[in-house]
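Peer 1: To start, I am sharing the structure in question, which I have written as structure tokens.
Numbering (our numbering), first residue to last: -12 to 158.
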């Protein structure tokens, strides 16, 4: 990038950084985004900082892989699981009083809001935490309105299983 800039060629640093970022595997991308979110000022995100962060992540990744190969319980090996773990949870599905125990992946996420405030979230991943949802039955007035507006609806009953649940049982 510096060579292109020295030759006075137009360089879109953000676009170039984005293209380079996409070349990395998803775990490395997540670590890069985590480090980027820790910056106090997003304008500090430049090639030099990006390169330093990627270099640091890759060197730690090599240490983690080496520790896993040798089976040693080093700090690097512990570091690899810092943001993830499994935990047995007691889960009640929406619309049911039945409690089930499931082992779920727990993920810790840090994000910055638009004011730069760092927010921490603890999320869990579950296969199904709500029952199937059927499309509601329409009243005669609803069907008349739909017909007047010439709207097309499927004839068969729509049954779906939600994949993302954000604190509500009616999606």
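By construction, the Cβ of each residue, glycine as well, lies at the ideal position given by its N, Cα and C atoms.
Bear in mind the structure is a predicted one, so any value in this text is a computation, not a measurement.
For residue 18, is the classification buried or exposed, using 16 other Cβ atoms within 10 angstroms of its Cβ as the cut-off for buried?
Peer 2: It is buried - the Cβ of residue 18 has at least 16 other Cβ atoms within 10 Å.
Peer 1: Put residue 74 into one of helix, strand or coil per three-state DSSP.
Peer 2: Note: residue 74 maps to strand in three-state DSSP.
Peer 1: To which residues of the same chain is residue 104 closer than 8 angstroms at the C-beta, ignoring the five residues directly before and after it?
Peer 2: Excluding positions up to five away in sequence, the list is empty.
Peer 1: Among the residues of its own chain, which have a CB less than 7 angstroms from the CB of residue 32, if the five just before and after it don't count?
Peer 2: Counting only Cβ-Cβ distances below 7 angstroms, and skipping sequence neighbours, we find 23 and 26.
Peer 1: Name the DSSP bridge partner or partners of residue 159?
Peer 2: No answer is possible for residue 159: it lies beyond the span of the chain, which begins at -12 and ends at 158.
Peer 1: Closest to residue 35 by CA distance: which of 21, 79 and 1 is it?
Peer 2: The candidate whose alpha carbon is nearest that of residue 35 is 1.
Peer 1: Got a sec, what are the start and stop residues for the alpha helix (DSSP H) residue 132 sits in?
Peer 2: Note, residue 132: alpha helix (DSSP H), 127 to 135.
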